[in-house]
Amino acid sequence: MLVKATDMGVRRGERWIIRHVELSVDRGQLIYLIGANGAGKSTCAKAILGLLDIDEGSIDRTPALEVGYVPQRLALNPTLPLTVRRLITLTGRFPGTRIESALASVGLHRLGDPPVTTLSGGEFQRLLLARALLHRPDLLVLDEPAQGVDMAGAGVLLDLIQDIRRDLQCGVLLISHDLQAAMSTGDDVVALVPHEHDERPFGLDDPYAGAARRAAGQA
Amino acid sequence: MLDDFFMRALLAGIGLAMVTGPAGCFIVWRRLAYFGETIAHSALLGVAIAVLVDLHLVIGIFFTAALVVLAMYYLERRDTLPTDTLLGLLSHGGLAVGLVLLSFFPNMRVDLQALLFGDILAVSHVDLAVIWGGGVIALGLLWWIWRPLLAATVSPDLAVVAGLKPERAQLVFGILLAAVIAAAIKIVGVLLIVALLIIPSAAVRRFAASPEQMAAGAAVVGMMAVAGGLFASATFDTPSGPSIVVTALVLFILTRLGRTLPAGGAR
Ligand SMILES: Nc1ncnc2c1ncn2[C@@H]1O[C@H](COP(=O)(O)OP(=O)(O)OP(=O)(O)O)[C@@H](O)[C@H]1O
Ligand SMILES: [Mg+2]
Numbered sequence: 051m052l053v054k055a056t057d058m059g060v061r062r063g064e065r066w067i068i069r070h071v072e073l074s075v076d077r078g079q080l081i082y083l084i085g086a087n088g089a090g091k092s093t094c095a096k097a098i099l100g101l102l103d104i105d106e107g108s109i110d111r112t113p114a115l116e117v118g119y120v121p122q123r124l125a126l127n128p129t130l131p132l133t134v135r136r137l138i139t140l141t142g143r144f145p146g147t148r149i150e151s152a153l154a155s156v157g158l159h160r161l162g163d164p165p166v167t168t169l170s171g172g173e174f175q176r177l178l179l180a181r182a183l184l185h186r187p188d189l190l191v192l193d194e195p196a197q198g199v200d201m202a203g204a205g206v207l208l209d210l211i212q213d214i215r216r217d218l219q220c221g222v223l224l225i226s227h228d229l230q231a232a233m234s235t236g237d238d239v240v241a242l243v244p245h246e247h248d249e250r251p252f253g254l255d256d257p258y259a260g261a262a263r264r265a266a267g268q269a
Numbered sequence: 151m152l153d154d155f156f157m158r159a160l161l162a163g164i165g166l167a168m169v170t171g172p173a174g175c176f177i178v179w180r181r182l183a184y185f186g187e188t189i190a191h192s193a194l195l196g197v198a199i200a201v202l203v204d205l206h207l208v209i210g211i212f213f214t215a216a217l218v219v220l221a222m223y224y225l226e227r228r229d230t231l232p233t234d235t236l237l238g239l240l241s242h243g244g245l246a247v248g249l250v251l252l253s254f255f256p257n258m259r260v261d262l263q264a265l266l267f268g269d270i271l272a273v274s275h276v277d278l279a280v281i282w283g284g285g286v287i288a289l290g291l292l293w294w295i296w297r298p299l300l301a302a303t304v305s306p307d308l309a310v311v312a313g314l315k316p317e318r319a320q321l322v323f324g325i326l327l328a329a330v331i332a333a334a335i336k337i338v339g340v341l342l343i344v345a346l347l348i349i350p351s352a353a354v355r356r357f358a359a360s361p362e363q364m365a366a367g368a369a370v371v372g373m374m375a376v377a378g379g380l381f382a383s384a385t386f387d388t389p390s391g392p393s394i395v396v397t398a399l400v401l402f403i404l405t406r407l408g409r410t411l412p413a414g415g416a417r
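Top line first, the protein sequences correspond to chains A and B. Remember, the numbering used here sits 50 above the position in the first sequence when you count from 1. Remember, the numbering used here sits 150 above the position in the second sequence when you count from 1.
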């Protein structure tokens with residue numbers, strides 16, 4: 051077990067953004083996190099990564115876990131000059147051969163070293179994935195990595211994620227809107243529902259929502 | 151013309167630009183201009199305190215500036231007010247309290263004009279030693295926190311996930327900025343120090359292909375601005391701070407006049 055969240059809840063003001071989430075990722079597993087916009091997928095991922103504190107429940111993480119993270123959005127300040135190879139080594143130094151193979155695995159090795167601001171949206175997304183791979187993660191958390199990647203590319207990306215999982219024997223938490231792929235390739239699918247826990251008195255749980263959540267969690 | 155005092159000011163200014171270059175790049179990248187202004191404004195309070203307890207001015211300014219940085223670090227986490235409101239509070243609060251305190255001592259030997267605009271006559275041997283000693287330490291610190299700070303500038307989340315402790319790097323950078331601004335007061339003055347941080351970085355942006363190139367370039371442009379400005383100041387008897395900033399501005403405009411370079415900049 052790499053990471054396991056039990057009865058996890060995050061509250062902002064009076065509103066529970068996520069609540070009663072059960073989620074665990076094992077080595078070599080591909081776990082999908084799905085749900086409509088605003089369901090709390092990104093929030094859930096950040097909680098798993100320890101980027102925000104949870105207000106309920108607990109998260110167990112294997113100590114000294116090497117984590118690769120591809121955020122949903124990354125806004126770059128244009129005054130910061132960054133090339134492809136500089137961005138990829140932003141959070142650590144790596145040998146050149148390893149950088150090349152990470153770039154090659156996402157199909158960016160023939161790109162040269164242009165400023166990242168000139169990349170297309172899909173290329174930038176692949177670059178972020180290559181950056182995460184470079185750390186040889188035990189756990190890979192990908193927040194909608196397929197956004198802006200073309201149709202053919204999305205299939206390639208999924209194959210790539212499968213390859214990575216096999217090669218690195220890492221666990222993957224994949225946030226996606228592709229229900230079909232989730233059902234056919236995921237080891238587990240965790241579904242979140244927007245506003246599921248809104249406007250209920252603190253401490254009370256709705257049995258219907260709970261049943262729906264459990265059913266979704268065990269899909 | 152190359153008197154002792156002038157050489158001291160020149161050496162001090164060059165030592166200063168060595169650090170304001172890279173530090174200024176982070177001000178630009180992280181949009182911290184107002185944060186820099188706040189630290190600079192608090193310097194007057196630092197001067198008042200230094201005079202009261204008979205400390206070296208630079209040390210007094212550094213301590214108040216560092217306090218402002220810590221206050222900001224704390225308030226940003228505890229208070230719901232937006233960052234620029236908090237900065238305005240500290241900036242003008244510090245300035246006002248400093249001025250009021252200073253007015254209690256009408257016959258005090260503080261030259262307000264020199265504090266606001268810089269005064270090359272004011273650079274002593276001790277100042278020079280403080281600036282170079284501090285400058286070397288500051289560069290060392292900056293080198294140490296470079297990767298986490300840069301990563302946090304791009305994305306604090308990525309930095310945290312990679313275990314780089316960006317919060318610590320940001321705090322160290324704040325304290326470092328306090329030191330740089332304290333050291334710069336004699337040469338550039340409170341009002342214009344942020345210009346010395348920002349203009350050289352802005353001037354070299356389009357020529358730099360990496361953050362490191364931009365930092366080094368900004369240091370070089372800063373040194374040119376300091377040297378040019380001090381010569382102008384000595385020649386035309388103008389205040390040193392404004393002269394340095396005008397020189398930096400001229401350099402900036404010159405870089406804008408050249409033909410547009412291909413994306414990625416000159417290499
Ligand atoms: N810091 C915050 N304060 C208040 N509300 C927040 C905060 N962060 C997120 N939210 C709210 O929590 C909900 C879930 O946000 P989140 O980004 O996790 O959704 P998501 O499932 O990733 O959506 P998407 O598919 O659009 O990426 C949203 O309604 C959002 O407005
Ligand atoms: Mg999201």
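Even for Gly, the Cβ is constructed at its ideal location relative to N, Cα and C.
Three or more Cβ pairs closer than 8 Å define a contact, and the stretch 146-158 of chain A falls short of that threshold against the stretch 190-201 of chain A. Listed along the chain, the chain B residues whose CB falls inside 8 Å of the CB of arginine 136 of chain A are Ser360 and Pro361. The beta carbon of glutamate 187 of chain B lies closer than 7 Å to those of Ser241 and Val344 in the same chain, with the five residues before and after it left out.
Each residue's CA atom was taken as its position, placing aspartate 228 of chain A and tryptophan 282 of chain B some 59 Å apart. Beta bridge pairing from DSSP links aspartate 193 of chain A with A:Ile225. Around the beta-carbon of threonine 168 of chain A, fewer than 16 other beta-carbon atoms lie within 10 Å, marking it exposed. At least one beta carbon of chain B lies nearer than 9 Å to the beta carbon of leucine 101 of chain A. If you draw a straight line from the Cα of leucine 231 of chain B to the Cα of alanine 221 of chain B, it comes to about 14 Å. As summarised for the stretch 276-355 of chain B, the continuous alpha helix (DSSP H) elements at least 4 residues long and confined to that stretch are 306-311, 316-338 and 343-354, given in chain order. In the DSSP assignment, aspartate 269 of chain B falls outside any alpha helix (DSSP H) and carries neither an H nor an E. Straight-line measurement puts the Cα of serine 390 of chain B at about 11 Å from the Cα of glutamine 263 of chain B.
The distance from the Cβ of leucine 278 of chain B to that of alanine 162 of chain B is about 5 Å, consistent with a contact at the 8 Å cut-off. Judged by the Cβ position, lysine 91 of chain A qualifies as a neighbour of ligand 2 at the 8 Å threshold, a heavy atom of the ligand being closer than this. Distance from the CA atom of glycine 78 of chain A to the CA atom of glutamate 64 of chain A, rounded to whole angstroms, is 37 Å. Glycine 171 of chain B sits in a helix when the DSSP states are folded into three classes.
At least 9 Å separates the beta-carbon of leucine 308 of chain B from that of valine 169 of chain B.
DSSP places proline 165 of chain A within a strand segment (E or B) once states are collapsed to three. Taken through DSSP and simplified to helix, strand or coil, arginine 181 of chain A comes out as helix. With contact defined as three or more Cβ pairs closer than 8 Å, the stretch 182-198 of chain A and the stretch 113-125 of chain A are in contact. Around the beta-carbon of glutamate 194 of chain A, 16 or more other beta-carbon atoms lie within 10 Å, marking it buried.
Taking C-beta atoms under 8 Å as the contact rule, alanine 375 of chain B and threonine 397 of chain B qualify, at a distance of about 5 Å.
For leucine 102 of chain A, same chain residues with a beta-carbon under 6 Å away, outside a window of 5 residues either side, are Lys96 in chain order. The count of Cβ pairs closer than 8 Å, one atom from the stretch 325-339 of chain B and one from the stretch 189-196 of chain B, reaches three, so the stretches are in contact.
Per the C-alpha coordinates, the member of B:Ala359, B:Arg297 and B:Gly171 positioned closest to leucine 346 of chain B is B:Gly171.
Between proline 361 of chain B and leucine 130 of chain A, the C-beta gap is smaller than 9 Å, which places the two residues in contact. Less than 9 Å separates the beta-carbon of aspartate 105 of chain A from that of glycine 59 of chain A.
Under the DSSP assignment, leucine 236 of chain B falls in the alpha helix (DSSP H) whose first and last residues are 233-253.
Fewer than three pairs of CB atoms, one per stretch, sit closer than 8 Å, so the stretch 172-185 of chain B makes no contact with the stretch 242-254 of chain B. In the three-state DSSP reduction, threonine 139 of chain A falls in the coil class, being neither helix nor strand. Taking 9 Å as the threshold, the shortest C-beta distance from proline 244 of chain A to chain B does not fall below it.
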